[in-house]
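Here is the structure we will look at, set down as structure tokens.
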Amino acid sequence: MIYSIGGDIIKKVLKYIVLGIVLVLVGFCIYMECKFSTIKMVKSEMTQEKILKECPEIAITEEDLALEEFILGLPEVQMMIKQSKENGSYVSVSNEKAFELLAGWIEDGWTMIELGYADNTVYLFWIKDGEKILSYNYSVDGRNSMEKSIGIYQKHQNGTTSFDTLYENINGSIKKIVFKRQWFFWATELLENGYTDNIFLERKGSGKL
């Protein structure tokens with residue numbers, strides 16, 4: 001009887017120990033997945049025709065070309081280019097100034113984020129009510145190339161947003177990129193590379209185009 005009671009107690013203790021270990025591991029995984037989640041950009045296999053049907057705004061229009069001509073002709077932009085080439089650094093105008101310069105081009109609901117220059121490229125970013133971001137990259141090195149991108153945000157129940165889809169049009173070449181979460185990527189890094197300080201750098205699931 002004594003041995004039977006002792007055996008039952010040991011079994012219960014072991015059961016609680018195993019349960020405790022499982023709960024700790026589950027909690028650890030949830031913490032790591034929340035804090036160090038990783039988002040991967042994956043190119044869609046959709047054809048250009050289907051992408052245009054899904055997002056007709058990504059097409060480069062006459063208005064886009066007129067905007068490019070207007071932007072590159074602004075004295076303020078020419079000054080940015082000159083300053084950047086002299087200093088070798090990124091130069092931009094204030095958000096207020098950019099909005100003032102392009103007020104006639106911005107529709108209701110859109111807000112200016114950035115107008116700057118670096119590395120032979122003029123960068124222009126707009127955002128619409130936290131729903132989407134529109135960006136233009138204008139090359140000024142003689143190639144006359146334009147890149148147009150539209151990023152779609154996904155709104156979460158906790159009020160935060162993250163990128164869900166990115167559409168790109170580079171001189172007429174159109175593609176769609178989706179943002180997919182890589183579950184337990186931190187665990188893969190640990191198994192493949194072992195512990196390093198870089199593994200535990202906090203990864204963000206959103207960002208700026």
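Its first residue numbered 1, the sequence shown is counted upward by one per residue in the numbering used here. By construction, the Cβ of each residue, glycine as well, lies at the ideal position given by its N, Cα and C atoms.
| query | For Y16, does the count of other Cβ atoms within 10 angstroms reach 16, so buried, or fall short, so exposed? | reply | exposed
| message | Distance check for V91 and M79, CA to CA, integer angstroms please. | response | 9 Å
| request: List the residues that DSSP assigns as beta-bridge partners of V42. | output: V178
| query | Which full runs of the beta strand (DSSP E) of 3+ residues lie inside the region 75-137, going along the chain? | reply | 110-118 and 121-128
| message | Which residue wins for smallest C-alpha separation from I113, given the options D119, Y123 and G104? | response | Y123
| request: Identify, in the order they occur along the chain, each residue of the same chain with its Cβ nearer than 8 Å to the Cβ of I51, setting aside the five sequence neighbours on each side. | output: S44, I58, Y167, I174, K175 and K176
| request: List the endpoints of the continuous alpha helix (DSSP H) containing G73. | output: E62 to G73
| field | Cβ-Cβ separation, S84 to Y117 (assumed contact under 8 Å), whole Å | value | 5 Å
| How long is the line joining the alpha carbons of G73 and E100, rounded to whole angstroms? | 15 Å
| request: State yes or no: is the C-beta of D164 within less than 8 Å of the C-beta of I150? | output: no
| request: Take D64 as the anchor and find which of N87, G27 and Y136 has the nearest alpha-carbon. | output: Y136
| query | Roughly how many angstroms separate the alpha carbons of N95 and I133, rounded to a whole number? | reply | 15 Å
| field | Helix, strand or coil at G20 according to DSSP, with G and I counted as helix | value | helix
| task | Please classify V42: is it buried, with 16 or more other beta-carbons within 10 angstroms of its beta-carbon, or exposed? | result | exposed
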